[in-house]
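> Take a look at this one; I'll ask things after.
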Amino acid sequence: MGLRRIRKRAFSLNNVRLRNKMLIVYFLSVFIPVVLTNVIFYNITTNNVKKQKMRDISLAIEQIRNDFMTQVNVAVGISAVIYNDALLIEYMDKNYDVPSDYVYNYQTYIISMLNKYSPVYEAIQRITLYSDNDTLIYGGQVEPVMASTREQPWYRLVRDSALSAPIVLRTTSDYPGATGDMLSVVRKIADTEAAEPWEKYMKIDLHPEAIKEIFHNVTLEGDLYLLQGNEIQYTTNPEVDLAQTADFAATPVSKDTIVIDEDFKGVPYLSDWRIVGRFKESAVLEEVRKSKYFVLYLAIPNVLLPTLIIIWFSRSLNARLVRILKHMKKVKNHTFETIARQDAQDEIGQLTAEFNRMTLQIKSLIHDVYIADIQKKELLIKRNQSQLHALQSQINPHFLFNSLETIRMRSLMKKEEETARIIHSMAKIFRKSLTWGKDWVTIRDELDLVACFLDIQKYRFGDKLDYRIEADESVLGLMIPKMTLQPLVENASIHGIEKLKEGGLIRIAVAKTAEGLVCTVQDNGAGIPPDRLASILSELEQSEEMGESVGIKNVYYRLKLYYKDKFGFEVSSKEGEGTTFRLVVRGEAEG
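Below, the structure written as structure tokens:
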């Protein structure tokens with residue numbers, strides 16, 4: 001039940017400082033709602049603008065598709081007229097024994113029929129008829145099917161086609177005066193019931209400038225491609241050279257590119273054709289980025305104005321409460337100062353007035369009650385010290401020292417030098433520990449005491465324990481409280497190294513750094529479990545009773561008593577890796 005109550009209080013707003021409460025109110029009531037609202041508004045605006053932009057692009061590409069299909073349909077329609085013109089087919093299948101007969105037919109019918117479309121339809125550049133009838137006089141818009149013609153891709157495609165449906169493809173000009181590639185509608189011409197039917201084809205060339213005008217008539221911030229399958233037939237991208245690159249998949253494309261694909265569904269002769277647009281997302285969303293700045297400018301006053309108001313209110317509350325808290329802490333340290341009054345009529349002003357009245361009353365009572373009580377306690381402490389000295393005087397350590405010295409001498413006589421050395425170390429420890437009235441020793445004497453202790457421990461543990469003592473020569477003469485390091489070394493030996501089977505190492509280091517005098521006791525022993533370490537540190541801060549960990553607490557409380565706020569105490573440990581105690585004395589270390 002106690003643990004549950006502690007956890008419940010930990011999440012209570014009563015444990016949160018007033019300034020932090022104001023910050024919580026600000027973030028939950030102002031900052032987060034404003035930012036969230038503007039983000040939602042920006043996202044909705046961005047999506048709407050993007051959808052509208054994509055809709056406009058799609059409509060523009062659809063318009064290009066329709067315009068292109070219209071021009072192709074014109075050519076296909078003309079091809080249907082020619083395909084079904086029985087008189088024209090008869091004239092082309094006829095064997096002309098007299099050339100004048102062909103010339104007459106050509107002038108009166110063929111040329112007039114072919115030329116009547118070009119003035120009406122500007123997209124039609126030329127209509128050419130092909131035949132292998134060697135009685136025709138070739139020229140004008142009637143061309144022979146020669147070996148060079150049979151090598152053309154369009155010829156092979158039309159010849160091998162089982163149907164006489166129109167075919168749209170890119171062709172190379174093969175008549176005098178024409179240069180470059182163009183889009184053409186090619187188709188077979190129907191056969192008659194003539195005894196000897198000839199090959200007959202029509203080729204209707206679309207004007208390249210008309211195609212170009214279709215794709216450049218609409219302003220789009222991107223590149224357009226007219227594809228047959230995956231082969232580029234026309235593009236507005238100036239970096240693409242159709243003479244070298246015809247594969248659409250080979251053209252480079254960046255990651256932030258938007259692709260819109262429009263095909264010619266329902267049109268058999270354009271079934272494998274499509275129009276593809278590539279647009280950089282940054283260009284498409286340029287208007288979106290402009291709206292971002294509008295949202296930002298709108299959000300700044302919405303955030304700034306409430307922030308200034310909350311800061312104004314917060315300073316009125318927090319600054320005065322902090323001032324009262326500081327003076328209350330001074331009262332804790334026996335400094336009774338009143339707060340400079342201000343003509344404030346709110347609750348904090350009333351609290352200030354009551355604090356000043358209470359402080360003056362306490363200050364008055366101190367002289368009447370508290371000082372008298374302190375004097376009484378000082379007399380009691382002096383009496384206890386006298387009793388302690390009386391008890392100490394009854395102990396005569398000389399018998400113990402003489403006995404140890406006798407044992408040591410006998411060990412030397414028996415050449416038991418190791419035993420004699422250990423007895424000597426033990427005698428030094430007893431002598432230094434039983435020296436009354438001497439609370440401060442030099443670091444040299446303290447390290448000598450530590451070395452004697454570790455020497456005895458090494459005698460106990462053998463190769464299981466090793467130790468190193470490192471100290472700057474400049475710090476050996478400095479004074480520190482007696483028994484500062486020895487309890488920590490003893491703790492490392494008993495609780496750290498004793499649990500190991502081998503390889504134990506205790507390292508003691510004393511040095512003067514920028515922080516001050518730094519003493520370190522480090523071992524590679526069993527370490528302290530995290531929960532146990534947290535418990536020890538918590539007890540050091542919250543309780544002055546010894547309880548467990550007497551050695552550590554003894555060192556901590558004595559150094560804190562001597563050095564007060566100039567003393568730093570740090571403990572770090574990992575299970576299975578060891579423990580490190582670090583003592584820091586800032587400023588002068590001499591006693």
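FYI, the numbering for the sequence shown is 1 to 591, going by the UniProt record's numbering.
Yeah, the Cβ is synthetic: ideal placement off N, Cα and C, and Gly gets one too.
So for GLN522, helix, strand or coil by DSSP?
In this structure, GLN522 counts as strand in the three-state DSSP scheme.
> Less than 8 Å between the CB atoms is what I'm expecting for SER314 and ARG19, so what's the real figure, rounded?
7 Å between Cβ atoms; contact.
> Please tell me whether VAL218 and LYS203 are closer than 9 Å, where the distance is taken between their beta carbons.
No; because the gap between Cβ atoms is not below 9 Å, this pair is not in contact.
> In whole angstroms, give me the CA-to-CA distance for VAL518 and VAL510.
Rounded to whole angstroms, VAL518 to VAL510 spans 6 Å at the Cα level.
> To which residues of the same chain is ARG278 closer than 6 Å at the C-beta, ignoring the five residues directly before and after it?
Excluding positions up to five away in sequence, the list reads GLY222, ASP223, THR257 and VAL259.
> On the DSSP letters alone, give me the boundaries of the beta strand (DSSP E) that THR171 sits inside.
Here the beta strand (DSSP E) through THR171 covers 167-172.
> Taking the CB atoms as reference points, tell me whether ASP466 and LYS458 lie closer together than 9 Å.
Yes, they are a contact pair.
> How is ILE310 classed by DSSP in three states: helix, strand or coil?
ILE310 falls in the helix class under three-state DSSP.
> Who does GLU143 pair with in a DSSP beta bridge?
Paired residue(s): TYR130.
> Whose C-beta lies closer than 6 Å to the C-beta of LYS560 among residues of the same chain, with five residues either side of it excluded?
The answer, listed in chain order, is PHE567.
> Could you work out which residue in TYR106, SER535, VAL584 and ASN524 is closest to THR484 when comparing CA atoms only?
Per the Cα distances, VAL584.
> Closest to VAL168 by CA distance: which of ARG150, ASP134, LEU206 and THR108 is it?
Residue LEU206 is the option with its Cα nearest to VAL168.
> With distances taken from CA atoms, which of ILE362, THR251 and TYR138 is nearest ASN105?
ASN105 has its Cα closest to that of TYR138, out of ILE362, THR251 and TYR138.
> Go ahead and pull the three-state DSSP assignment for ARG7.
No answer about ARG7 holds up, because its pLDDT of 47 lies below 50 and its placement is not dependable.
> For the alpha helix (DSSP H) containing ARG444, list its first residue and its last residue.
From DSSP, the alpha helix (DSSP H) with ARG444 extends over 443-461.
> Could you give the first and the last residue of the continuous alpha helix (DSSP H) run that contains TYR42?
Segment 32-83, the alpha helix (DSSP H) holding TYR42.
> Quick check: the Cα distance between residue 655 and THR128, rounded to an integer number of angstroms?
This structure cannot speak to residue 655, because the chain is shown only from 1 to 591.
> Measuring alpha carbon to alpha carbon, tell me which of LEU488, VAL489 and GLU577 ends up nearest PRO530.
Measuring from the Cα of PRO530, the nearest candidate turns out to be GLU577.
> If I measure Cβ to Cβ from ILE310 and keep anything under 6 Å in the same chain, skipping five residues before and after, which residues do I get?
So the qualifying residues of the chain are TYR26.
> For the putative contact between ARG187 and TYR83, defined by C-beta atoms under 8 Å, what is the C-beta separation to the nearest angstrom?
At roughly 6 Å, the Cβ-Cβ gap stays under 8 Å, so ARG187 and TYR83 are in contact.
> How about TYR109 and TYR96: are their beta carbons less than 9 Å apart?
No. Outside cutoff.
> For THR257, which three-state DSSP category applies?
Reduced to three states, the DSSP call for THR257 is strand.
> Between the region 258-277 and the region 62-72, do three or more beta carbon pairs fall short of 8 Å?
Verdict: yes, contact present.
> Short of 8 Å in beta carbon distance, which residues of its chain neighbour ILE6, apart from the five on each side in sequence? Order them along the chain.
Note that ILE6 scores a pLDDT of 43, beneath 50, so its modelled location is shaky; the value from the coordinates is reported in the next line. Here the set comprises nothing.
> Taking all protein chains shown into account, decide if ILE44 is buried (16 or more other Cβ within 10 angstroms of its Cβ) or exposed.
Looking at its Cβ environment, which holds fewer than 16 other Cβ atoms inside 10 Å, ILE44 is exposed.
> Can you say whether LEU305 is buried or exposed, counting buried as having 16 or more other CB atoms within 10 angstroms of its CB?
LEU305 is exposed by the Cβ-count criterion.
> In the DSSP assignment, what residue or residues form a beta bridge with LYS200?
Bridge partners of LYS200: SER131.
> I'd like to confirm the pairing. Which residues does DSSP put opposite PHE567 in its beta bridges?
Note: PHE567 sits in a beta bridge opposite VAL585.
> Nearest-angstrom Cα distance between VAL103 and PRO144?
The straight-line gap from Cα to Cα measures roughly 16 Å.
> Look at the Cβ atom of PHE248, then the Cβ atom of GLU231, and state whether they are nearer than 9 Å.
In this structure, GLU231 lies closer than 9 Å to PHE248 by Cβ.
> Once the 5 residues before and after GLU262 are set aside, which same chain residues still bring their CB inside 7 Å of it?
Closer than 7 Å at Cβ, skipping near neighbours: ILE61, GLU62, ARG65, ARG274 and ILE275.
> Could you name each continuous beta strand (DSSP E) segment of 3 residues or more that falls completely within the region 206-283, going from the start of the chain to the end?
Runs of the beta strand (DSSP E) inside the region 206-283: 222-228, 231-235, 257-263 and 273-280.
> Using the beta-carbon count (16 or more within 10 Å), is VAL76 buried or exposed?
VAL76 should be labelled buried.
> Quick check on DSSP: helix, strand or coil for SER386?
Low confidence applies here, because SER386 scores a pLDDT of 48, under 50, leaving its location unreliable; read the following figure in that light. Residue state, collapsed to three classes: helix.
> So, for GLN233: in the same chain, excluding its five sequence neighbours on each side, which residues have a beta-carbon less than 7 Å away from its beta-carbon?
ARG170, LEU183, LEU226 and LEU227, listed in sequence order.
> Which residue comes first and which comes last in the beta strand (DSSP E) that contains SER112?
Taken as a continuous stretch (DSSP letters only), SER112 belongs to no beta strand (DSSP E), being part of the alpha helix (DSSP H) at 111-115.
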